[in-house]
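Read the structure below first, then the notes.
Here it is as structure tokens:
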């Protein structure tokens with residue numbers, strides 16, 4: 003579609019914006035509404051602690067007020083190093099309520115990487131869980147030793163008498179919050195384009211980039227989640243996805259929009275998840291495939307029987323057929339989502355066609371492996387030839403780059419005009435992900451641009467090889483990267499993790515791959531080991547690439 | 003809440019809007035998405051006719067193209083005089099797809115009122131159902147005899163061999179559509195603030211006012227409906243609410259957002275509604291209380307048994323207890339909404355607290371009679387003293403004016419800067435409705451400002467008297483208006499409609515009212531007759547006021 007030309011009409015006269023008919027979009031009003039309409043409803047559950055909406059809203063305003071009293075306001079960065087705890091949820095509202103920008107730190111990072119982010123984001127205040135003191139102490143020393151630090155001591159860690167780390171700052175979370183005024187009037191954003199959060203991508207090359215989200219996009223994606231999944235009033239959401247990851251796909255805001263309950267969870271452990279699902283009647287959860295594996299690791303006889311189907315949203319890698327059918331049997335409906343930090347988390351959904359449910363399971367899994375179609379909140383999604391900027395043929399074969407356009411695409415990269423411009427060239431956000439698009443408009447990822455293996459001038463999709471390996475019934479996990487090769491430039495190197503008690507040789511796997519793939523795609527080198535993953539469940543391909551390079555040197 | 007002050011920060015540098023990260027909000031993309039993702043899904047059912055999303059979208063683009071070829075573009079008004087037919091749904095997309103503004107005419111109006119609207123809106127094209135030819139012919143003659151007129155002949159009327167009226171224009175709908183290009187690239191609005199529709203209020207005093215909606219508000223309320231009611235993917239909606247009324251509360255757009263099915267219905271007849279609900283597995287419908295009465299008029303033994311609960315949204319008058327319990331028994335869950343043309347239809351919802359369902363039915367009905375709390379898509383709702391602009395006490399007693407602020411408040415009144423300014427004074431939209439607000443934040447309408455009866459200096463709420471009358475088990479409907487009175491200025495005059503086979507005297511009703519109301523509120527005059535209602539089910543109080551005045555003269 004095109005935009006209409008401007009041609010002033012009777013509808014442009016005396017019909018301007020004013021305070022009565024225009025307000026900035028922001029997810030902050032979702033909490034205000036939930037607290038007003040359902041004050042007694044439980045908003046947060048954390049172990050044996052519960053917080054209703056009245057108190058949640060009250061605490062967020064207190065914290066916002068306390069921050070404002072420290073001079074924190076519009077455009078200031080407040081960083082948090084928190085697990086999936088109530089403080090993390092409070093930060094998602096309190097920080098923007100005083101106009102500031104929330105920066106959630108990936109809790110698995112090392113001190114140097116954290117220091118780099120604190121410096122880059124010009125952090126004014128850091129709220130940090132005492133359990134992370136050991137890693138945060140050097141990070142502060144390396145960035146800004148004078149930084150105002152607020153220590154959050156998770157009450158659950160104390161009660162189990164576990165070491166919760168030492169205090170680093172001058173302030174303790176609850177005491178600091180108590181310095182706020184309970185009649186504080188929180189701040190609507192001046193403009194819905196104002197920043198609400200910044201999320202650093204773990205980027206495999208170069209410095210991490212600070213992806214800036216705005217109030218408009220956060221409000222729209224939060225509603226988009228509810229619309230996409232028809233999340234009903236008072237739904238119960240379990241936190242297995244880390245909230246530092248794309249602001250938990252905006253679910254901290256979605257759940258207030260439906261006046262629902264959020265169940266916190268510090269660690270992704272099977273027994274804790276199963277127990278939370280049953281005790282709190284969880285309706286929805288999100289997570290990388292590793293969460294599904296964790297759930298299914300519980301032997302069937304030890305799993306509780308779920309009465310109502312639980313909705314599970316997964317991303318990061320296509321769910322394998324085996325996992326899908328086991329999840330279905332265990333009482334979950336799995337929806338495959340896709341997105342990137344730059345699009346607020348999920349912006350693409352494998353929107354299920356009812357008639358597909360009649361197909362054999364193997365075909366269903368093939369269909370579910372596709373990433374899908376645009377979320378409502380995203381206006382355009384396409385697979386495009388980056389050279390010509392023309393959409394590729396919808397044949398399920400022609401490779402192109404996934405591109406996004408719409409209101410749930412980031413403002414840009416913080417203090418990095420060059421990267422922003424590069425990402426937004428030609429009026430599209432360039433994802434760097436390579437995909438095909440099928441005749442029905444569903445896209446399927448084939449690789450990251452940088453994960454493609456170029457061997458003898460031929461492009462080889464690492465995902466295609468991984469899919470072939472996953473079909474082998476003794477392989478639990480597989481990851482393929484490029485290995486430098488004198489003759490071919492690059493050649494595929496496969497890392498495989500075998501199922502317990504299994505053994506298989508390199509030769510057997512080469513034979514297997516030959517039965518599945520064109521000869522030039524078959525890996526010549528296999529490494530048998532547990533595959534390194536990031537905290538969000540993504541395979542650490544950079545690390546594997548290094549290993550492959552070292553292996554090549556040694557050959 | 004306040005807005006933050008402007009204080010440029012790192013988040014304001016090089017992070018501007020561009021085509022990739024900002025798109026105007028518009029409900030038009032909902033149809034594009036539904037047609038892309040679910041092309042074979044049935045979008046529209048009209049008798050034995052069905053249209054899938056691919057064809058619906060195709061036809062809308064054809065019509066938009068055909069209009070564009072006639073020079074229709076941004077800011078031009080296209081008026082439609084249509085029943086709840088597929089053409090009406092097509093107009094909701096096709097007209098804004100070429101940049102034009104849709105004006106839906108209330109099909110119950112007389113020729114003079116229609117002519118007035120056509121003139122005021124500067125209509126360029128009129129699409130009119132041949133069944134309304136008789137009333138439209140003089141309306142055209144009185145407004146613009148040279149107007150381009152397109153006749154729509156509802157195929158359902160032809161097939162039953164019923165007279166569908168004569169053709170008035172030079173063009174027939176299907177033939178006109180066929181002049182469009184199938185590869186037409188439809189137009190996104192230049193700005194989300196651009197007008198999408200204009201709806202004339204029936205206004206009880208003075209000239210009708212053209213309420214202008216924009217793309218932003220239409221998109222947000224359409225999503226707000228889905229969010230408020232958790233309308234699931236592929237829901238089935240039955241059209242008993244006229245689409246000319248606030249664009250059918252934005253449901254023509256909501257249903258595309260959920261890729262649902264819309265079942266058209268020309269006339270609100272009990273047998274047709276029951277039959278549609280069962281045949282098409284209807285999940286949702288909206289309507290004034292008269293639709294509920296119509297449904298319940300069907301004797302129990304003739305009603306089909308509903309397997310799944312059907313969601314029914316009602317507005318215009320609080321649903322009486324008797325109707326609520328009968329509706330529940332018949333298989334419907336009734337939700338009470340409230341709004342005005344100026345807020346896109348419903349912007350307030352009686353958001354039900356789960357614990358209320360445990361109360362006795364009479365208490366539930368009392369709670370359900372309240373209009374409720376703000377929709378998500380509306381940012382602020384309050385009951386305010388219009389003189390001081392302070393919120394009234396939340397005591398369920400103090401009367402104030404209902405005021406709205408947010409993104410689903412109109413752009414303003416077309417070509418009426420004075421009325422727009424008046425409606426938006428002090429930064430709030432003044433509804434003219436009088437209400438109280440309870441401690442729990444739910445509002446309850448007590449009267450329209452102009453419906454208040456001022457007797458001997460005391461304000462008497464006509465609604466309060468009506469509620470007392472409704473409790474009388476022989477009264478089917480009641481409406482109270484002010485009657486001029488020499489001594490008291492005004493005095494209440496009651497119009498009552500008795501249940502079939504009942505008879506009751508004026509004296510008996512006075513005695514009844516005395517048992518329910520303060521003496522000064524008891525009507526001294528009763529008129530026993532069928533109460534005149536507008537096409538949207540609202541009591542025609544202007545007419546009743548005239549009758550009361552005539553009665554006073556005759557006394």
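Protein chains in written order, with the numbering used here: chain A, 3 to 557; chain B, 3 to 557. Heads up, the beta-carbon is just placed ideally off N, CA and C, and yes, glycines get one too.
For residue 94 of chain A, which residues of its own chain have a beta-carbon under 6 Å away from its beta-carbon, when the five flanking residues on both sides are left out?
So the list reads 254, once near-sequence residues are dropped.
Could you tell me whether any Cβ in chain B is nearer than 8 Å to the Cβ of residue 544 of chain A?
Chain B places no beta carbon closer than 8 Å to that of residue 544 of chain A, leaving this residue out of the contacts.
Is it the case that the Cβ atoms of residue 223 of chain B and residue 86 of chain B are separated by a distance below 8 Å?
Not a contact, by the Cβ cut-off of 8 Å.
Could you compute how far the alpha carbon of residue 269 of chain A sits from the alpha carbon of residue 84 of chain A?
Residue 269 of chain A and residue 84 of chain A have their C-alpha atoms some 12 Å from each other.
Do you know whose CA, among B:421, B:455, B:473, lies nearest residue 368 of chain B's CA?
Between residue 368 of chain B and the set B:421, B:455, B:473, the nearest pair of CA atoms involves B:473.
Starting from residue 445 of chain A, follow its DSSP beta bridges and name the residues at the other end.
According to DSSP, which records beta bridges pairwise, residue 445 of chain A is partnered with A:374, A:439.
Using 8 Å as the threshold, is the C-beta distance between residue 213 of chain B and residue 201 of chain B below it?
Contact: yes.
Considering residue 293 of chain B, what are the terminal residues of the alpha helix (DSSP H) in which it resides?
From DSSP, the alpha helix (DSSP H) with residue 293 of chain B extends over 291-299.
Consider the Cβ of residue 2 of chain B: report whether some Cβ of chain A lies at a distance smaller than 8 Å.
With chain B represented from 3 up to 557, any question about residue 2 of chain B goes unanswered, as that position is not in the structure.
Hey, out of A:195, A:145, A:522, A:139, whose CA is closest to residue 168 of chain A's CA?
For the residues A:195, A:145, A:522, A:139, the minimum Cα distance to residue 168 of chain A belongs to A:139.
Kindly list the residues whose CB is nearer than 6 Å to the CB of residue 416 of chain B, restricted to its own chain and excluding five residues on each side of it in sequence; keep chain order.
Result list for residue 416 of chain B: 200, 212, 214, in chain order.
With DSSP as the reference, label residue 233 of chain B as helix, strand or coil.
DSSP places residue 233 of chain B in coil when its eight states are reduced to three.
Check for me: the alpha helix (DSSP H) holding residue 71 of chain A runs from which residue to which?
Its alpha helix (DSSP H) spans residues 55-71.
Can the beta-carbon of residue 454 of chain A be found closer than 8 Å to that of residue 263 of chain A?
Contact flag unset, no.
Interface partners of residue 17 of chain B on chain A, CB under 8 Å
Chain A residues near residue 17 of chain B: 197, 214, 413, 414, 416, 422.
Which of the residues in the stretch 419-453 of chain B, read from start to end, lie with their CB under 7 Å from any CB of chain A?
For the stretch 419-453 of chain B, which is checked against every Cβ of chain A, the residues closer than 7 Å are 419, 422, 426, 429, 430, 431, 443.
Is it buried or exposed, residue 522 of chain A, if we count other Cβ atoms within 10 angstroms and call 16 or more buried?
With fewer than 16 neighbouring CB atoms inside 10 Å of its own CB, residue 522 of chain A falls in the exposed class.
How about residue 247 of chain A: is its C-beta nearer than 8 Å to some C-beta of chain B?
Proximity of residue 247 of chain A to chain B, defined by a Cβ-Cβ separation below 8 Å, is not satisfied.
Please report the residue range of the beta strand (DSSP E) in which residue 499 of chain A lies.
Annotation for residue 499 of chain A: the continuous beta strand (DSSP E) segment containing it runs 491-500.
Residues in the stretch 61-84 of chain B with C-beta within 9 Å of chain A's C-beta atoms, listed in sequence order?
Taking 9 Å as the Cβ-Cβ cut-off against chain A, the residues of the stretch 61-84 of chain B that qualify are 75, 76, 77, 78, 79.
Confirm, please, whether the CB-CB distance from residue 260 of chain B to residue 381 of chain A is below 8 Å.
No. Outside cutoff.
Going along chain B in order, which residues have a C-beta closer than 7 Å to the C-beta of residue 353 of chain A?
In chain order: 39.
8 Å Cβ cutoff, residue 375 of chain A in contact with chain B:
True, the Cβ-Cβ gap to chain B drops below 8 Å.
Give the residues from the stretch 116-150 of chain A that approach chain B closer than 9 Å (Cβ to any Cβ), ordered along the chain.
Listed in sequence order: 123, 124.
Does the beta carbon of residue 103 of chain A come closer than 8 Å to any beta carbon on chain B?
Taking Cβ atoms only, chain B reaches closer than 8 Å to residue 103 of chain A, which makes this a yes.
Out of curiosity, what's the CA-to-CA distance linking residue 458 of chain A and residue 401 of chain A?
Taking the straight line from one Cα to the other gives about 18 Å.
Minimum Cβ-Cβ distance from residue 58 of chain B to chain A less than 8 Å
Not one beta carbon of chain A lies nearer than 8 Å to the beta carbon of residue 58 of chain B.
For the stretch 358-407 of chain A, which segments carrying the alpha helix (DSSP H) assignment without a break, of at least 4 residues, lie completely within its bounds, in sequence order?
Runs of the alpha helix (DSSP H) lying entirely within the stretch 358-407 of chain A and spanning at least 4 residues, in chain order: 363-370.
Residue 450 of chain A, DSSP secondary structure in three states:
Here DSSP, grouped into helix, strand and coil, assigns residue 450 of chain A to strand.
Are at least three pairs of beta-carbons, each pair with one atom in the stretch 492-507 of chain B and one in the stretch 465-481 of chain B, less than 8 Å apart?
Output reads yes: the stretch 465-481 of chain B touches the stretch 492-507 of chain B.
Whole beta strand (DSSP E) runs in the stretch 130-164 of chain B with 3 or more residues, listed along the chain?
Counting only runs of 3 or more, we get 150-154.
Simplified DSSP state of residue 520 of chain B, which is helix, strand or coil:
Secondary structure at residue 520 of chain B: coil, using DSSP grouped into helix, strand and coil.
On a CA-only basis, which of B:97, B:11, B:157 is nearest residue 50 of chain B? Give me that one, please.
Ranked by how close their Cα comes to the Cα of residue 50 of chain B, the residues B:97, B:11, B:157 have B:157 in first place.
State whether the stretch 68-76 of chain A contacts the stretch 297-311 of chain A, with contact taken as three or more CB pairs (one from each stretch) at a distance under 8 Å.
As far as the Cβ criterion goes, the stretch 68-76 of chain A does not touch the stretch 297-311 of chain A, which means the pair count is below three.
Go ahead and label residue 420 of chain B buried or exposed: buried means 16 or more other beta carbons lie within 10 angstroms of its beta carbon, across all protein chains shown.
Classification of residue 420 of chain B: exposed, given that the 10 Å Cβ count is below 16.
Can you give the Cα-Cα distance for residue 198 of chain A and residue 104 of chain A, rounded to whole angstroms?
Answer to the nearest angstrom: the Cα atoms are 6 Å apart.
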